[in-house]
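Report on the following structure.
2 protein chains.
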Amino acid sequence: MTSPKNTTDAETCPAQALLKSLSGKYKPEIFRLALEGPLRFSGLLRQLSGANKQSLSLALKAMEEDGLLERIVIQIKPLHIEYTLTEKGQSLIPVFKQLEHLG
Amino acid sequence: MTSPKNTTDAETCPAQALLKSLSGKYKPEIFRLALEGPLRFSGLLRQLSGANKQSLSLALKAMEEDGLLERIVIQIKPLHIEYTLTEKGQSLIPVFKQLEHLG
DNA sequence: CAGCATCCGCGAGGATACTG
DNA sequence: CAGTATCCTCGCGGATGCTG
């Protein structure tokens with residue numbers, strides 16, 4: 179309320195939103211890996227050293243609910259599931275790189 | 179190790195260090211208030227709505243140990259104590275404003 | 001393979017009482 | 001006024017076992 183058109187306002191600042199959506203131990207790294215192509219659950223488990231199924235599952239679900247990732251079920255047995263960046267996720271790539279650059 | 183002179187390297191990136199030193203519920207706001215002048219304990223307690231003495235005390239001590247704030251005792255009874263930005267703290271003001279601007 | 005249910009440990013932060 | 005000492009709560013993340 180201090181200034182009418184502030185670029186850091188929550189609604190107008192995608193960095194704000196992204197920062198919130200990526201709050202969590204593995205989410206930033208998951209997002210970064212998603213830049214390189216579709217993700218698989220078991221692949222992530224290996225790449226995110228230290229993560230377990232539970233943590234990973236929760237992180238992916240949260241990112242899906244935040245509209246960052248899309249969950250794609252490939253109907254073969256055994257099931258394969260891919261996670262890819264949504265349109266919204268892709269639109270946030272430049273912001274992500276900015277944040278990454280800051281640390 | 180991916181690139182030799184990366185601006186996001188911990189040692190070369192003041193944003194990194196500041197982000198770390200300001201991790202905590204009240205520290206960013208304390209820093210911001212410190213820009214406007216010397217801080218007093220009881221004043222902060224009022225301005226940081228929700229903070230209690232314990233939380234504030236720990237935050238101030240951590241920021242002091244991180245070299246951001248200087249603790250100045252004014253020897254009158256009852257004791258008054260002021261917290262001001264150190265040289266290092268002042269040197270980080272531009273970085274702080276950048277981070278603030280991003281959210 | 002992918003994911004949920006359950007249990008556990010830890011650290012941040014809050015409430016309150018006591019002290020110099 | 002400016003803390004310190006305890007105690008408590010809560011959420012994140014880890015470990016493990018079961019299921020489709």
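Line by line, the protein sequences are chains A and B. Throughout the first sequence, residue numbering follows the numbering used here, covering 179 to 281 in sequence. Throughout the second sequence, residue numbering follows the numbering used here, covering 179 to 281 in sequence. Virtual Cβ for every residue (Gly too), placed ideally from N, Cα, C. What you are looking at is a predicted structure, and each value in this text was computed from that prediction instead of being measured.
Candidates the options, of which the one nearest residue i by Cα
i	options	result
residue 239 of chain B	B:276, B:254, B:205 and B:223	B:205
residue 261 of chain A	A:218, A:207 and A:279	A:218
residue 264 of chain A	A:191, A:216 and A:193	A:216
residue 259 of chain B	B:192, B:210 and B:220	B:220
residue 275 of chain A	A:224, A:245 and A:210	A:210
Span of the beta strand (DSSP E) around residue i
i	result
residue 248 of chain B	247-252
residue 263 of chain B	258-263
Supposed close pair residue i, residue j - CB separation, criterion 8 Å
i	j	result
residue 237 of chain B	residue 267 of chain B	Not confirmed; about 14 Å, so no contact.
residue 241 of chain B	residue 199 of chain B	7 Å
residue 247 of chain A	residue 195 of chain A	That pair is no contact at about 15 Å.
residue 277 of chain A	residue 226 of chain A	At roughly 19 Å, the Cβ-Cβ gap does not stay under 8 Å, so residue 277 of chain A and residue 226 of chain A are not in contact.
residue 193 of chain A	residue 281 of chain B	5 Å
Limits of the alpha helix (DSSP H) - the one that residue i falls within
i	result
residue 203 of chain B	Neither: residue 203 of chain B is in no alpha helix (DSSP H) and is coded neither H nor E.
residue 220 of chain A	219-225
residue 278 of chain A	271-280
residue 236 of chain B	231-243
Cβ neighbour criterion (16 or more within 10 Å) applied to residue i
i	result
residue 250 of chain B	exposed
residue 179 of chain A	Note on residue 179 of chain A: pLDDT 40, under 50, position unreliable in the model; no value is reported.
residue 254 of chain B	exposed
residue 222 of chain B	buried
residue 208 of chain B	buried
residue 257 of chain A	exposed
residue 232 of chain A	exposed
residue 181 of chain A	In this predicted model, residue 181 of chain A has a pLDDT of only 44, less than 50, meaning its place in the structure is not dependable; the value taken from the coordinates is given anyway. Exposed, by the Cβ-count rule.
residue 190 of chain B	exposed
> What residues from the segment 195-219 of chain B come within 8 Å of chain A, judged by C-beta to C-beta, listed N to C?
Replying inline: 197
>> What are the residues in the segment 254-281 of chain B lying within 9 Å of chain A by C-beta distance?
In response: 276, 277, 278, 279, 280 and 281
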